[in-house]
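Line by line, the protein sequences give chains A and B.
Heads up: the first sequence begins at 1 in full-length UniProt numbering, then just goes up one per residue.
Heads up: the second sequence begins at 1 in full-length UniProt numbering, then just goes up one per residue.
Just so you know, even glycine gets a beta-carbon here, dropped at the ideal spot from N, CA and C.
Please read all numbers here as calculations on a predicted model, not as lab measurements.
See structure below.
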Amino acid sequence: MLCSDGTKKLSFGGSIKDGDLVIVYEKRDVMKAVKVSETSVLQNRFGVFKHSDWIGKPFGSKVLSNKGGFVYLLAPTPELWTLVLSHRTQILYIADISFLITYLEIVPGSLVLESGTGSGSLTTSLARAVAPTGHVYTFDFHQQRAASAREDFQSTGVDSLVTVGVRDIQGEGFPDEYSGLADSVFLDLPQPWLAIPSAGKMLKQDGTLCSFSPCIEQVQRTCEALKSNFRDIRTFEVLLRTFEVHEGKIDSCQGDEGLSVGSPPCKRRHRSSEGSTKQDSSSSPTIKVRPCSDARGHTGYLTFSRLQCLS
Amino acid sequence: MSPNSIQSNSIQNPRVTWEGCSVLLDINDGDRLVFARLTAGSTVKIGKKNFSLRPLIGCPFGSSFQIENRTEGLCLCRFVPSTEEGNNDQEKGGCQIMDECRDNRAIVDNNEAQTLTSEDIDEMRRQGVKGDEIIEALIANSATYEKKTAFSQEKYRIKKQKKYAPRVLLRRPSARSICEAYFKKYPHRIGFLRVDALSLLLSLANVTANSDILLVDMVGGLLTGAVAERLGAGTGYVCNTYLGSSPYPVDMVRTFNFDNEICQRIVRAPLRTSEKPDACNAELNGQTSSISMEEMSLPSNHEAADSETTVSPQSKMGKTPKAGEKASEEAIKSWKENGFSSLIIAAPDADAWSLAKDLLPLLSYSAPFAIYHQYLQPLATCMHNLQQGKMAIGLQISEPWLREYQVLPSRTHPLMQMSAFGGYILSGTKICSSSESRF
């Protein structure tokens with residue numbers, strides 16, 4: 001997914017090889033991560049796809065099944081990976097991930113501590129941000145979850161940038177060997193306030209901390225704990241509103257001819273152009289846009305702060 | 001995890017200021033944000049007086065300064081907040097406010113509560129009384145202070161502190177702090193691009209080390225700087241493209257403190273050069289009349305964000321390395337062969353579709369892209385056309401929403417004021433279409 005070797009460019013220009021991880025795209029919300037293996041096949045509602053047909057094609061290609069159905073093969077990115085990874089825990093999504101990485105000022109070379117690892121959704125994006133010379137040390141108290149995360153990081157190719165440790169950060173704090181070395185700390189824990197004294201020890205002066213909590217009571221206690229040696233304590237909520245685009249006629253309401261009050265709403269997005277051809281041809285169809293009806297209403301609160309400069 | 005391998009080699013993340021470095025001065029907890037360059041002669045105006053920024057040189061980013069009366073007169077002095085203070089506040093605030101029984105029934109707004117006159121205060125100042133002591137005097141002479149709730153006592157104290165003992169926090173300019181400062185002060189200069197929208201652009205376009213990012217930056221260089229910050233030193237390229245004969249200004253890049261290695265990776269190429277392989281040589285060799293971006297921007301860029309800052313121009317010219325040079329033929333050739341790894345467009349006044357249709361063919365297959373716009377309709381049209389032309393998949397228009405909270409014991413709620421709009425983003429992934437024959 002990432003290219004930590006400075007001699008090569010992160011270029012998708014290359015073609016698909018045996019052993020590559022590809023994202024199989026059916027449609028926006030139906031995607032799957034597949035490891036290409038010369039002898040394997042992919043079976044879905046469109047038929048059977050032979051991996052051997054994929055090898056040698058560029059990423060971004062459309063490939064056909066035995067029945068003539070098709071999917072696209074995309075190069076993995078942390079954003080796509082977040083949509084296809086197996087959920088072993090609740091995960092963080094793009095709005096929170098992108099915001100917190102900028103807000104924590106994570107840049108290439110940064111040393112970042114994270115707990116818990118969970119399903120590794122954020123970790124993958126953290127790895128992308130610290131590449132090529134930084135490192136993410138991530139901890140989860142769940143032995144098996146840590147092992148699965150490790151496997152995932154290997155298959156996405158970020159393993160050289162990420163080290164997964166098994167440790168109860170709330171109970172034990174971060175390991176002393178990182179004392180004063182961390183540029184940023186990220187906490188996604190049920191009782192983050194317990195880990196804050198340790199986080200303070202790990203951070204460099206003016207280092208950044210972020211705690212993600214779904215409940216405001218957690219935020220309340222976290223902020224209390226931060227007051228002693230952190231400043232710039234700020235809590236945010238970030239959400240995304242998505243839009244759907246249709247092509248169709250908008251009636252001018254001048255006569256009763258084109259007015260179809262009871263016309264059924266278009267079930268599939270972006271397909272209204274088919275329906276519009278039947279309508280009055282005197283007015284040309286326009287592109288219409290409106291917010292999608294369903295949205296994630298809450299993910300969690302992001303509390304940021306910086307370690308005080310005392311010397 | 002071998003301990004001896006642990007070290008942060010983040011050369012991009014300097015912890016201490018140096019002479020000639022660019023800083024963001026946060027005066028009174030965000031009330032004023034001033035970009036400045038630390039030189040022996042540079043000053044900042046606080047209240048009615050100019051203060052030398054020399055004491056800030058060599059101090060860690062994140063340190064605080066207060067105005068103190070020294071033998072050489074009033075000057076900015078480093079002050080280290082005690083950790084005890086924070087602890088006490090917390091305890092005091094915590095329990096007092098829980099069972100607060102005072103209210104505002106006895107407060108009458110008749111302007112008679114304060115017995116100290118402004119002449120009295122001026123006299124105290126002339127005698128060299130410290131700001132903190134003036135605040136204590138004001139509190140002692142306020143007839144209503146004791147009747148206020150603990151919460152409003154705190155507010156009163158903060159208000160007086162800002163006036164009589166202003167504090168300056170030394171911040172490191174980063175994509176986050178620069179975007180926030182501009183969004184607060186001059187949002188139109190960055191096309192109303194809020195920090196959460198900027199973050200999304202960087203993620204959606206998969207900006208990372210060793211990637212070659214094609215940009216249309218018509219937001220003053222904020223995007224260019226933010227992308228370069230994510231690429232790191234000496235890896236990948238930020239290639240700014242533009243229509244017409246003159247590149248768009250990217251002055252804001254200079255506030256980032258980029259070193260030479262990073263600046264060299266920020267290049268520009270006119271759209272037509274990137275487009276037509278045959279015209280490439282002619283373009284690059286023939287442009288004798290074109291002047292570099294650096295030369296063009298010099299007169300205006302120093303005080304881009306705040307005209308209150310005075311900086312001596314001589315010391316700056318030598319220090320800041322050049323960014324935004326013309327892309328080398330070699331690089332352009334490589335991009336033509338392999339394509340850019342992603343595209344970001346932030347052109348608040350341009351038509352999204354006409355840019356996208358020219359620029360998408362320059363990307364490698366499966367490359368992600370993100371287009372920012374402050375209006376929705378151009379993105380809707382662009383998305384529709386991309387779908388019709390089968391140029392991209394995974395298309396989505398999204399609008400980020402950001403709300404900040406006040407978190408205090410028993411007084412937690414969203415802030416009363418928020419930004420209602422941070423822009424729209426169209427994102428997607430370019431696909432391999434049969435009409436193109438790059439491979």
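For A/Phe-99, the enclosing alpha helix (DSSP H) begins and ends at 94-103.
A direct Cα-to-Cα measurement between A/Ile-250 and A/Asp-294 gives close to 24 Å. Counting only unbroken stretches of 3 or more residues, the beta strand (DSSP E) elements lying wholly within the segment 174-225 of chain A are 182-187 and 203-213, in sequence order. Membership of A/Gly-165 in the beta strand (DSSP E) is indicated by the continuous run 162-166.
Residue pairing by DSSP places B/His-373 opposite B/Tyr-424 in a beta bridge. The beta carbon of B/Arg-54 is closer than 6 Å to those of Ala-40 in its chain, skipping five residues each way along the sequence.
Going by DSSP, B/Cys-179 is part of the alpha helix (DSSP H) stretching over 175-185.
For the pair B/Thr-235 and B/Arg-189, the CB atoms are not nearer than the 9 Å cut-off. Taking a C-beta cut-off of 9 Å against chain B, the contacting residues of the segment 31-52 of chain A are Met-31, listed in chain order. Secondary-structure assignment with DSSP links A/Leu-73 through a beta bridge to A/Val-24 and A/Ser-61. When DSSP states are grouped into helix, strand and coil, B/Arg-403 belongs to the strand group. Between A/Ser-86 and A/Ser-148, the CB-CB gap stays under 9 Å. In this structure A/Leu-310 is exposed. Its beta-carbon is surrounded by fewer than 16 other beta-carbon atoms within 10 angstroms. For A/Ala-225, same chain residues with a beta-carbon under 7 Å away, outside a window of 5 residues either side, are Trp-193 and Ile-196 in chain order.
The C-beta distance from B/Arg-194 to A/Phe-236 rounds to 12 Å, too long to fall under 8 Å, and the pair is not in contact. In the displayed model, B/Arg-167 falls within a strand according to three-state DSSP. DSSP, read as helix, strand or coil, puts A/Phe-230 in strand. For the pair B/Ala-175 and B/Val-267, the CB atoms are not nearer than the 9 Å cut-off. Non-local beta-carbon contacts of B/Arg-102 in its own chain, meaning distances under 6 Å to residues more than five positions away in sequence, involve Thr-149 in chain order. Within the same chain, Cβ atoms closer than 8 Å to the Cβ of A/Lys-57 are found at Ser-15, Ile-16, Val-63 and Leu-73, the five residues on either side in sequence being excluded. Annotation: B/Val-168 to B/Thr-17 spans about 15 Å, alpha carbon to alpha carbon.
If you keep only unbroken alpha helix (DSSP H) runs of at least 4 residues inside the segment 218-250 of chain B, you get 222-231. In the three-state scheme derived from DSSP, where H, G and I count as helix and E and B as strand, A/His-135 is classed as strand. The way I'd put it, the segment 197-205 of chain B does touch the segment 342-352 of chain B; three or more beta-carbon pairs between them come closer than 8 Å.
Runs of alpha helix (DSSP H) with 4 or more residues, each lying fully within the segment 95-170 of chain B, are found at 118-126, 131-140 and 150-164, listed in chain order. For B/Cys-263, the enclosing alpha helix (DSSP H) begins and ends at 260-263. In terms of beta-carbon proximity, B/Trp-18 stays away from the interface with chain A, with every pair separated by 9 Å or more. Boundaries cannot be given for A/Arg-45, as no beta strand (DSSP E) includes it and DSSP labels it neither H nor E.
Within the segment 30-58 of chain B, the runs of beta strand (DSSP E) that reach at least 3 residues and sit entirely inside it are, in chain order, 32-37, 43-46 and 49-52.
Exposure of B/Gly-244 is indicated by the presence of fewer than 16 other C-beta atoms within 10 angstroms of its C-beta. Interface with chain A (9 Å Cβ-Cβ cutoff): B/Phe-192 is excluded. Closest by C-alpha distance to A/Glu-79, out of A/Ser-40, A/Ala-33 and A/Ile-106, is A/Ala-33.
Under the 9 Å criterion on CB atoms, A/Glu-172 is classed as non-interfacial with respect to chain B. In the displayed model, B/Asn-385 falls within a helix according to three-state DSSP. In this structure, B/Arg-32 lies away from A/Pro-108, with their beta-carbon atoms at least 9 Å apart. Using a Cβ-Cβ cut-off of 9 Å, B/Leu-202 counts as an interface residue toward chain A, since at least one Cβ of chain A sits closer than that to its own.
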